[in-house]
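Here the structure comes first, spelled out in structure tokens, and everything after it is commentary.
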Amino acid sequence: MPELPEVETIKRSLEKSIVGKKITGIQILLAKQFQGRKEDVLGAKITAIERRGKILKISLSSGKNLLIHFKLTGQLVWVPKAGERATLGHPIPFAGSELPAKTTHVIFEIDGPPSPKASARQGGRLFFNDLRQFGWIKVVGELDEQMTRELGNLGVEPLIKEFTVEKLSSILQSSSRPVKLVLMDQEKIAGVGNIYANETLFEAGILPTRPAKKLSNEEIKKLREAIVKVLEDGLKYGGSSAADEAYIKPTGEAGEYQKHFRVYQRAGQPCPRCGTKIQRIELGGRGTFFCPRCQK
DNA sequence: CTGCGGTCCTGAAGGC
DNA sequence: TGCCTTCAGGACCGCA
0 MPELPEVETI KRSLEKSIVG KKITGIQILL AKQFQGRKED VLGAKITAIE RRGKILKISL
60 SSGKNLLIHF KLTGQLVWVP KAGERATLGH PIPFAGSELP AKTTHVIFEI DGPPSPKASA
120 RQGGRLFFND LRQFGWIKVV GELDEQMTRE LGNLGVEPLI KEFTVEKLSS ILQSSSRPVK
180 LVLMDQEKIA GVGNIYANET LFEAGILPTR PAKKLSNEEI KKLREAIVKV LEDGLKYGGS
240 SAADEAYIKP TGEAGEYQKH FRVYQRAGQP CPRCGTKIQR IELGGRGTFF CPRCQK
């Protein structure tokens with residue numbers, strides 16, 4: 000499921016392939032997943048791509064932005080126009096299957112400007128696929144009501160310097176909820192979901208059920224380092240494409256971070272550190288994995 | 001503030 | 001074989 004490292008990977012990939020190009024067409028195959036007016040998007044140039052928490056923001060020359068939330072199974076796949084693909088040696092689209100797929104719900108047609116550089120002018124199609132249909136694309140203006148609703152309440156970005164021990168400490172001290180739920184609260188820390196919360200707590204040696212405000216200063220310090228390390232690892236491996244996950248990069252390639260899971264979806268298997276069986280419990284309705292010996 | 005259950009949705013897995 | 005039930009999960013909503 001796209002969390003911070005996955006969305007950041009998507010962002011970096013699309014920056015290379017579609018920034019500077021123009022949206023020349025949109026096909027909306029499932030209306031509920033595209034909220035806004037087509038006219039605000041058609042004919043606009045893509046000027047920038049950013050990420051805030053788990054949300055992707057595509058800025059347009061029209062002054063509007065496309066906000067995209069992938070939720071559990073959303074994907075963006077970029078397929079350059081046939082013919083030019085061979086020239087670039089582009090990887091296989093959509094893990095080998097045909098697009099549009101049954102799960103394709105929105106298609107953007109994108110053309111590049113005249114340019115001496117092949118990759119800069121190459122047009123193609125950007126497919127928004129979403130098996131579970133929980134994701135969404137919203138057209139919003141800078142600082143408008145929708146934009147504020149979606150982005151305004153997000154918490155601190157964990158990979159910027161403002162995410163200090165003091166900041167994390169104040170976040171944790173304000174809640175008696177289990178620390179894992181606080182890590183996953185988007186209004187506290189933006190971008191951490193179930194996978195990275197589980198892996199982070201293993202890395203820090205802290206039980207997911209511990210009341211947030213009861214962590215010691217030493218534990219808070221370790222937790223901050225663990226959050227940063229685990230998210231950066233996720234990013235290094237291009238995100239995680241686990242067995243039950245739909246995440247792929249816009250090139251159609253899988254991420255590799257699932258090969259480095261130490262607790263997530265490893266119930267019953269030995270802890271990589273001490274060999275004790277990894278346990279699974281439910282916390283806030285989510286599968287929660289931990290080593291009962293390494294995590295205190 | 002906190003937790004709980006329901007909602008959206010589909011494919012996989014399990015039961016018989 | 002085939003039908004039926006159960007379940008996972010990000011974010012949100014109503015309720016206790």
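The numbering of the first sequence is numbering that gives the first Met the number 0, which starts it at 0 and goes up by one. Here a beta-carbon is modelled for each residue, glycine too, at the ideal position from N, C-alpha and C.
Under three-state DSSP, which class holds P1? coil
CB-CB length for L98 against F126, believed under 8 Å: Yes, L98 and F126 are in contact; Cβ-Cβ is about 5 Å, under 8 Å.
Report yes or no: do three or more beta-carbon pairs, one from the region 128 to 144 and one from the region 60 to 69, lie closer than 8 Å? yes
Would you call the CB atoms of V178 and R209 closer than 8 Å? With contacts defined as CB atoms closer than 8 Å, V178 and R209 qualify as a contacting pair.
By the 10 Å Cβ neighbour count, where 16 or more other Cβ atoms means buried, how is A47 classified, buried or exposed? exposed
Residues near R285 by beta carbon distance below 6 Å, same chain, minus five either side: N193
Look at the alpha carbon of A117 and the alpha carbon of E108, and state the distance between them as a whole number of angstroms. 18 Å
Classify D143: buried if its beta carbon has 16 or more other beta carbons within 10 angstroms, exposed otherwise. exposed
With DSSP collapsed to three states, give me the class of S118. helix
Sequence-distant residues of its chain with Cβ nearer than 6 Å to A43 (five each side left out): I22, L59, S60, S61
Whole angstroms are fine: how far does the CA of I57 sit from the CA of L234? 20 Å
Quick check: what's the CA-CA separation for T250 versus H259? 22 Å
Quick one: what's got a C-beta closer than 8 Å to Q172's C-beta in the same chain, skipping five residues either side? A211, K212
Have a look at the DSSP bridge pairing and note the partners of E281. G286
Where does G345 land, buried or exposed, given buried means 16+ other C-beta within 10 angstroms? Since the first residue shown for the chain is 0 and the last is 295, residue 345 is missing from the structure and cannot be characterised.
When you compare only the Cα positions, how much space is there between K337 and P113? For residue 337 there is no data in the structure shown, the boundaries of the chain being 0 and 295.
What span of residues does the beta strand (DSSP E) with R51 cover, start to end? 45 to 51
Less than 7 Å between the CB of G286 and some heavy atom of the ligand SAM, yes or no? Here there are no bound small molecules, and the ligand SAM is not part of this structure.
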